[in-house]
C-alpha cells in the first residue's frame with residue numbers, strides 16, 4: 001500500500017546542531033550492543049528495541065547529555081553488557097592491561113634468554 | 117541405499133585407520149621395518165579413498181535430493197541450483213565437519229605419499245596424521261552423523277537454506293578456509309614427528325615449506341572472502357566486527373604468519389628453531405580451539421552452529437588432549453634444541469624474534485577478549501560485551517610497534533647488527549616524509565582520532581620505508597626480496613586503509629517519499645528517490661528503489677532492494693554499492709513509514725577497495741616468496 | 748628455556764581447557780542465579796480507563812508481565828499465567844506497544860489474569876525496564892525488581908528462577 005504523501009517528508013532522520021553531535025551519535029550507536037540480537041550493534045540492527053535506543057540516544061545528545069551519562073543511562077536499563085567498550089574498573093583492569101603486561105613479560109623473558 | 121553405502125565406507129575408513137594405528141604402535145619398538153611402513157601407507161591411502169568416495173556419494177545424495185537424509189532435508193531444497201545444493205552440504209555442522217575430514221585426508225595423503233621414501237620422520241608423521249583424522253572421524257560418526265535418516269519415508273522437500281547463504285562468495289568461503297586450517301595439520305604432524313624422533317640433526321624445514329605456503333594462502337584468501345562477503349551482503353557497511361567466531365578464525369592466521377616468518381629464519385639461519393616448533397604446534401591447537409568454540413555454541417555469535425554440550429565436550433577433550441600432549445613433548449625436548457648461537461640484537465633474527473613476540477601477544481589479546489566475558493560471568497555473574505572499541509585500542513599500539521620494527525628491519529642483516537649508516541640514511545628520511553604527509557593530510561581533513569592516526573602513521577612508515585629501499589636498491593642494483601616487499605607493502609596498505617576507513621567514513625539516515633530529493637551535505641548535493649519497482653523473481657518478491665545520488669559532481673545510480681523469499685517468508689535487504697577507487701557509496705533501503713515514505717541508510721565508506729587490494733598483495737607476496745627454490 | 752617457563756607453558760593451556768570444561772558442564776545451569784536488585788523506575792502511565800497508575804500497585808510481592816495482543820508467545824504462556832494468578836501471586840500487566848482496542852479484545856477473548864493493567868503504547872516504561880520484546884516478566888518485591896525472565900514464563904522457569912528469590916526474601920523478612 002503506497003500512500004501519496006501530501007506534504008514533503010524528505011529529511012535526514014537524525015538532525016543535529018553540529019557535526020560533532022552527529023559524530024558522537026554514530027560513534028555511540030556503533031558502540032552500543034543490540035540487546036535483542038545475538039551479536040551486533042544497534043547501528044546495524046532494525047529490531048524495535050534498537051530503534052528505540054537510537055531514538056533515545058538522539059534525544060539525549062540534543063538535550064546536551066554527555067557520552068558518559070548516555071552510557072550510564074543505557075546500562076542502567078539494559079545492563080553493563082549493552083556497551084561494547086567495557087568500563088575500566090574492578091576486574092576489567094585485567095582485560096585492559098592484560099595484553100600490555102603479557103608483552104612486557106615476554107620481552108623480559110627473551111631479553112634474558114637469547115638462545116631460541 | 118546409497119546413503120548406507122556411503123556411511124559404511126566412512127565407518128570402514130575409521131576402522132582401517134584404527135588398524136593402521138594399532139599396527140604401528142604395537143610394533144613401535146621393534147626395528148622399523150620398511151615393509152611395515154609401506155603397508156601402513158597403503159592402508160592409509162585406502163582409508164583416505166574410502167573417505168573421498170563416501171563424500172562423493174554424499175554429494176550425489178545432495179544433488180539428487182535425497183530428503184530422507186536428515187541433514188540434506190534440513191539444509192537443501194529441490195529448487196536450489198546444483199551449485200548451492202552442493203554448497204548446502206557445508207552450510208552447517210555435520211556436513212562441514214565431513215568436508216573438514218575430507219580435506220584432512222586429502223592434504224595428509226598428498227603429503228605422506230610425497231615424502232621421500234627414506235625420510236626418517238615418515239612413520240611418526242603418519243601416526244600423527246592418523247590420530248588427527250581418526251579423532252575427527254570418530255567425532256563425526258559418533259556425535260554428528262551426517263548420514264542419519266528421517267524414517268520411515270523422509271520429507272517431501274527440503275527446508276530452503278537461509279537465502280543469505282545463497283551467495284557464491286559465501287559458498288566457497290568455508291572450503292577455502294578449511295583448506296587453509298587443515299593444511300597446517302601437515303606442519304603440526306611433521307613438527308610433532310620431529311620432536312618425538314629426538315634427532316635434532318634432521319633438516320625438517322624444507323619439507324614443509326611449500327605445503328605451509330599453500331596453506332597460508334588458502335587461509336588468507338578464506339578470511340578475506342568472509343570479510344568481503346560480510347561487507348557487500350550483510351548491509352551494515354563494515355567488514356570485520358571482532359565477533360568471537362571471526363576472532364577464533366584470526367588466531368590460527370596470526371600463528372601461521374608468525375610461523376612462516378620463523379620458518380624462514382629457522383631454515384636460513386639455523387636460529388629461532390624453538391619458536392618455529394612452538395608456532396607449528398600453536399597453529400593447529402588454535403584451529404582445534406576454534407572448531408570447539410564454533411561448534412559447541414558456548415559463545416553467542418551470529419556464526420555459531422547450534423548449542424550442543426555433548427559435541428562441545430568431545431571437541432574440548434580432543435583439542436585439550438592434542439594440545440597438551442604436543443606441548444608436553446615440546447617442553448620435554450626444548451633443552452636439546454637450543455641453537456648454539458644467541459640472537460644478536462639488531463640482526464634480522466632479532467627483528468623476526470620480536471615479530472614472533474608481537475604475534476603471540478596479539479594472539480593472547482584476542483584470546484583474552486574472547487574468554488574474559490566467560491570468566492567474568494562464571495565467577496561473578498556479571499555480563500560484559502567486548503567488541504571493536506576494545507580490540508582497536510589494544511591493537512593500535514601493537515601495530516605501531518610492529519610497523520616501526522618493519523621499517524627499521526628493511527635494511528637489517530642476517531646474523532649481524534644492522535649497519536648504523538643505513539639506519540640513519542633510511543630512518544630519518546622516512547620519518548620526515550611520513551610526518552609531512554600526515555601534516556598535509558590533517559590540514560585537509562579536520563577529523564581526528566588517535567587510534568586512526570596511529571594506524572595511518574604505522575601504514576605510512578612501512579610504505580615509505582619500502583619505497584625508499586626499493587629506489588635505493590634499484591639505483592645500487594642490489595637484490596630486492598620481491599615476495600617480502602609485496603607482502604609488507606600490502607600490510608602497510610592494510611593498516612593505512614583500515615585507519616582511513618574508520619576516520620573518514622560516515623553515514624546518514626534518510627527519510628523521503630517516491631519522487632522526492634534531498635540535499636545531504638556539501639559533497640552529496642542530491643539524493644533523489646526516483647521510483648519504486650515491485651516485481652517477482654524465481655523464489656522471491658522484490659521491492660527495488662531507483663535512487664540517484666549526485667556526489668562531488670558525479671551522478672550515480674543505485675538500486676537497493678528488499679526481498680521476501682517464498683519458502684520461509686524471510687525478508688532480506690540487498691545493499692546497492694557503487695565502488696570507486698577511493699570510496700564506496702553504500703545504500704540500504706529501510707522500512708516504509710505510515711505516511712508512505714521510505715527510510716534509507718546511506719554510508720560513504722572510504723578506502724574499502726584498498727583493503728581488498730592489501731590482501732591480494734600479501735597473497736602475491738607469498739606466491740613470489742614460494743618461487744624461491746631453496747632459501 | 749627455564750624449567751619454570753616450560754611448566755608455565757603447559758599449565759596455561761591446561762587451565763584454559765579446564766575453565767572451558769567448567770563453563771560447558773556446570774555454568775549453563777547456574778546462569779540465572781545472579782540478579783542485581785534495582786529500583787523500579789519512576790513512571791507516569793494510565794490504565795486502559797485513562798486513570799493514572801497508583802504506585803502502590805508495585806508494593807508487596809508481585810509479577811509484572813509485559814504482553815501485547817500482537818505477541819504470539821504471550822498466548823502460549825497465558826494459561827500458566829492464569830494459573831499463577833489464581834493461587835500464587837498477583838500479576839500486573841504491562842501492555843507494550845499495543846492498540847487499546849485490540850488489547851482489550853484480547854483480554855476478553857482469552858481471559859484477564861492481571862489484577863492491574865498499565866497501558867504503555869510507546870513502550871516508555873518498558874524501555875526504562877530494559878525490555879527488548881514481549882513476553883517478559885519481572886519479579887517485584889517491595890518496589891524493587893529482583894528477578895527478570897525473558898520469553899515465555901512456564902512452570903520450569905517459575906520454579907528455578909522466581910520461586911527461590913521469593914523464598915529468600917521471605918526468609919529475610921522473618
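Chains as they are written, first to last, in my numbering: chain A, 1 to 116; chain B, 117 to 747; chain C, 748 to 921.
Even glycine gets a Cβ: it sits at the ideal position worked out from N, Cα and C.
Since this is a predicted model, take the numbers as computed values, not measurements.
1. Which stretch, first to last residue, makes up the alpha helix (DSSP H) that contains residue 229/B?
2. Leaving out five residues before and five after residue 2/A in sequence, what residues of the same chain have Cβ atoms less than 8 Å from its Cβ?
3. Measure from the C-beta of residue 428/B to each C-beta in chain C and report whether the shortest distance is under 9 Å.
4. Does DSSP classify residue 555/B as helix, strand or coil?
5. Leaving out five residues before and five after residue 205/B in sequence, what residues of the same chain have Cβ atoms less than 6 Å from its Cβ?
6. Is any beta-carbon of chain B found at less than 9 Å from that of residue 772/C?
7. How about residue 166/B and residue 129/B: are their beta carbons less than 9 Å apart?
8. State the Cα-Cα distance for the pair residue 536/B and residue 524/B, rounded to the nearest angstrom.
9. Which partner residues of residue 297/B appear in the DSSP bridge assignment?
10. When the Cα of residue 39/A is compared with those of 402/B, 358/B, 710/B, 639/B, which residue comes out closest?
11. So is residue 582/B buried or exposed if we call it buried at 16+ other beta carbons inside 10 Å?
12. Between residue 756/C and chain B, is any beta-carbon pair separated by less than 9 Å?
13. Note down the Cα distance separating residue 366/B from residue 504/B, rounded to an integer number of angstroms.
14. What does DSSP give as the partner residue(s) for residue 704/B in the beta ladder?
15. Compute the minimum distance between the beta carbon of residue 657/B and the heavy atoms of the ligand HEM, and state whether it is under 8 Å.
16. Taking Cβ to Cβ, would you say residue 484/B is nearer than 9 Å to residue 767/C?
17. Chain A partners of residue 488/B, CB-CB under 9 Å?
18. On the three-pair Cβ rule with 8 Å, is the stretch 334-346 of chain B touching the stretch 718-733 of chain B?
19. Excluding sequence positions up to five away, which residues of its chain have a Cβ less than 6 Å from the Cβ of residue 624/B?
20. What are the boundary residues of the beta strand (DSSP E) that residue 483/B is part of?
21. Give every residue of the same chain whose Cβ lies closer than 8 Å to the Cβ of residue 20/A, excluding the five residues on either side of it in the sequence, and list them in chain order.
22. Quick one: is residue 760/C near chain B, going by C-beta distance under 9 Å?
23. Shorter than 9 Å from the beta carbon of residue 425/B to some beta carbon of chain C?
24. In angstroms with no decimal places, state the Cα-to-Cα distance between residue 81/A and residue 18/A.
25. From the DSSP output, read off the bridge partner residues of residue 677/B.
26. If you measure from the beta carbon of residue 2/A to each beta carbon in chain B, is any gap under 9 Å?
27. Could you compute how far the alpha carbon of residue 811/C sits from the alpha carbon of residue 353/B?
28. So, at 7 Å on beta carbons, what are the nonlocal neighbours of residue 794/C in its own chain, with the 5 sequence-adjacent residues on each side left out?
29. Output yes or no for whether 9 Å exceeds the beta carbon distance between residue 391/B and residue 382/B.
30. Look up residue 812/C in the DSSP assignment and give the residues it is bridged to.
31. Around the Cβ of residue 915/C, are there at least 16 other Cβ atoms within 10 angstroms (buried) or fewer (exposed)?
32. So is residue 412/B in contact with chain C if we call contact Cβ pairs under 9 Å?
33. Taking residue 257/B and residue 127/B to be in contact with their CB atoms under 8 Å, please state how far apart those CB atoms are, rounded to whole angstroms.
34. Taking the beta strand (DSSP E) that residue 651/B belongs to, which residues open and close that run?
35. How about residue 788/C and residue 886/C: do their beta carbons lie closer than 9 Å?
36. Find out if the Cβ-Cβ distance for the pair residue 837/C, residue 899/C is shorter than 9 Å.
Working from what's here:
1. By 1-based counting over the second chain, the position of residue 229/B is 113. It spans 209-230 - the alpha helix (DSSP H) in which residue 229/B sits, taken as one unbroken run.
2. Taking the first residue of the first chain as 1, we reach residue 2/A at position 2. Its pLDDT being 48, under 50, residue 2/A is placed unreliably in this model, and the coordinates cannot settle the point.
3. To locate residue 428/B, count along the second chain from 1; it is residue 312. Judged by the 9 Å Cβ criterion, residue 428/B is in contact with chain C.
4. Residue mapping note: residue 555/B aligns to position 439 of the second chain, counting from 1. Three-state result, residue 555/B: helix.
5. By one-based count along the second chain, residue 205/B stands at place 89. Closer than 6 Å at Cβ, skipping near neighbours: 178, 211.
6. Indexing the third chain from 1 puts residue 772/C at position 25. Interface residue, yes.
7. Counted from its first residue, the second chain places residue 166/B at position 50. Counted from its first residue, the second chain places residue 129/B at position 13. Result yes, Cβ atoms of residue 166/B and residue 129/B sit closer than 9 Å.
8. Counting from 1 along the second chain, the entry for residue 536/B is found at position 420. Counting from 1 along the second chain, the entry for residue 524/B is found at position 408. Rounded to whole angstroms, residue 536/B to residue 524/B spans 11 Å at the Cα level.
9. Locating residue 297/B in the second chain gives position 181, counting from the first residue. Bridge partners of residue 297/B: none, in fact.
10. Position 39 of the first chain, counted from the first residue, corresponds to residue 39/A. The shortest C-alpha separation from residue 39/A is found at 358/B.
11. Working through the second chain from its first residue, we reach residue 582/B at position 466. Answer is buried; the Cβ neighbour count reaches 16.
12. If you number the third chain from 1, residue 756/C lands on position 9. Judged by the 9 Å Cβ criterion, residue 756/C is in contact with chain B.
13. Residue 366/B sits at position 250 when you count from the first residue of the second chain. Residue 504/B sits at position 388 when you count from the first residue of the second chain. Taking the CA atoms as reference points, residue 366/B sits about 14 Å from residue 504/B.
14. Sequence index remark: in the second chain, residue 704/B carries index 588 (1-based). Per DSSP, 717/B.
15. With respect to the ligand HEM, the structure shown offers nothing to examine, as it has no ligands at all.
16. For the purposes of this step, residue 484/B is identified with residue 368 of the second chain, where counting begins at 1. For the purposes of this step, residue 767/C is identified with residue 20 of the third chain, where counting begins at 1. Against a cut-off of 9 Å, the Cβ pair of residue 767/C and residue 484/B comes out as no contact.
17. Residue mapping note: residue 488/B aligns to position 372 of the second chain, counting from 1. By Cβ distance, chain A contributes 86, 91, 92, 94, 95, 98.
18. yes
19. Along the second chain, one-based indexing puts residue 624/B at 508. Same-chain partners within the cutoff: 636, 718.
20. Position 367 of the second chain, counted from the start, is the residue given in the question as residue 483/B. It is not in any beta strand (DSSP E) - residue 483/B instead sits in the alpha helix (DSSP H) that spans 464-496.
21. As a first step, residue 20/A must be located in the first chain, where it is residue number 20. The answer is none, since no qualifying residue turns up.
22. In the third chain, residue 760/C corresponds to position 13, counting from 1. Chain B, which has a Cβ nearer than 9 Å to the Cβ of residue 760/C, makes this yes.
23. Residue mapping note: residue 425/B aligns to position 309 of the second chain, counting from 1. A Cβ of chain C is located within less than 9 Å of the beta carbon of residue 425/B.
24. What you label residue 81/A is simply residue 81 of the first chain in a count that begins at 1. What you label residue 18/A is simply residue 18 of the first chain in a count that begins at 1. Taking the straight line from one Cα to the other gives about 30 Å.
25. Position 561 of the second chain holds residue 677/B. Its beta-bridge partners are 660/B, 690/B.
26. Stepping through the first chain from its first residue, residue 2/A is reached at position 2. The predicted model places residue 2/A with a pLDDT of 48, which falls under 50 and marks its position as unreliable, so this point remains unresolved.
27. The count along the third chain starts at 1 and reaches residue 811/C at position 64. The count along the second chain starts at 1 and reaches residue 353/B at position 237. Approximately 39 Å between the Cα atoms of the pair.
28. Numbered from its first residue, the third chain carries residue 794/C at position 47. Result list for residue 794/C: 800, 863, 864, 865, 866, in chain order.
29. The residue you call residue 391/B lines up with position 275 of the second chain. The residue you call residue 382/B lines up with position 266 of the second chain. Yes, the pair counts as a contact, with Cβ atoms nearer than the cut-off.
30. In the third chain, the residue the question calls residue 812/C occupies position 65. Per DSSP, 840/C, 884/C.
31. Taking the first residue of the third chain as position 1, residue 915/C is located at position 168. Flag for residue 915/C reads exposed.
32. The residue labelled residue 412/B in the question sits at position 296 within the second chain. For residue 412/B, the answer is yes, since a Cβ of chain C falls inside 9 Å of its Cβ.
33. Within the second chain, the letter at position 141 stands for residue 257/B. Within the second chain, the letter at position 11 stands for residue 127/B. Indeed, because the Cβ distance is near 6 Å, the residues count as touching under 8 Å.
34. Walking along the second chain from the start, residue 651/B turns up at place 535. It spans 640-652 - the beta strand (DSSP E) in which residue 651/B sits, taken as one unbroken run.
35. On the third chain, residue 788/C is found 41 positions in, with the first residue counted as 1. On the third chain, residue 886/C is found 139 positions in, with the first residue counted as 1. No. Outside cutoff.
36. As a position in the third chain, residue 837/C is number 90, starting the count at 1. As a position in the third chain, residue 899/C is number 152, starting the count at 1. No, they are not a contact pair.
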